[in-house]
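A quick write-up on the structure given underneath.
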Amino acid sequence: MNRLLRLRFKLKMKKPDFIRQEAHRHKRLGEKWRKPKGRHSKMRLKWKEKPAIVEVGYRSPKAVRGLHPCGLEDVLVYNVKDIEKLNPETQGARIASTVGKRKKIEIIKRARELGIKILNISQEKQEELLKSLEKEE
503 MNRLLRLRFK LKMKKPDFIR QEAHRHKRLG EKWRKPKGRH SKMRLKWKEK
553 PAIVEVGYRS PKAVRGLHPC GLEDVLVYNV KDIEKLNPET QGARIASTVG
603 KRKKIEIIKR ARELGIKILN ISQEKQEELL KSLEKEE
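503 is the number of the first residue of the sequence shown in this note's numbering; add one for each residue after it.
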């Protein structure tokens, strides 16, 4: 698993930014990827001086596809009940943006008891939230 995560990281470093054909020429065209379909399109014909196009070979290994860089599956959590359903070995919690400060502190406490990693809040920020709770009490 660790080997595959390192491999995915290296592959992502090599992967080019796939931009829409002619996006650099016209302001009205965004850079969001669109497949080139023109009959005389040099990009579709894969001329070497033209930007790269999306192909299957750029995919990451299947076992680690969609995982967080630390190797855990990303699970969105809204309350304490959600965090109790997680498996600490394979899943990590991402606290939803709609969750308030009070409930966020409860989720962090319960996650620490269960040994679950919270993916979108740093350790320093977690400590800060728990200290603010102690000051209020």
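Don't be surprised by glycine CBs; every beta carbon is placed ideally from N, CA and C.
Every value quoted in this text rests on a predicted model; they were computed, and no experiment measured them.
Contact between the stretch 514–527 and the stretch 542–557 is present: three or more C-beta pairs spanning the two stretches fall below 8 Å. DSSP places Q628 in the helix class (H, G or I) of the three-state scheme. Each residue's CA atom was taken as its position, placing G594 and H528 some 42 Å apart. When the five nearest sequence neighbours on each side are left out, the beta carbons in the same chain lying within less than 7 Å of the beta carbon of I607 are those of L631, L632, L635, in order along the chain. Just measuring C-alpha positions, the residue of P590, D584, K603, R567 sitting nearest L513 is R567.
Contact check for D576 against R596 passes: the beta carbons are separated by less than 8 Å. Within the stretch 548–608, the complete beta strand (DSSP E) segments of 3 residues or longer fall at 575–579, 593–597, listed in chain order. Taking the C-beta atoms as reference points, L621 is found no nearer than 8 Å to P563. Beta-bridge partners of I618 (DSSP): none assigned.
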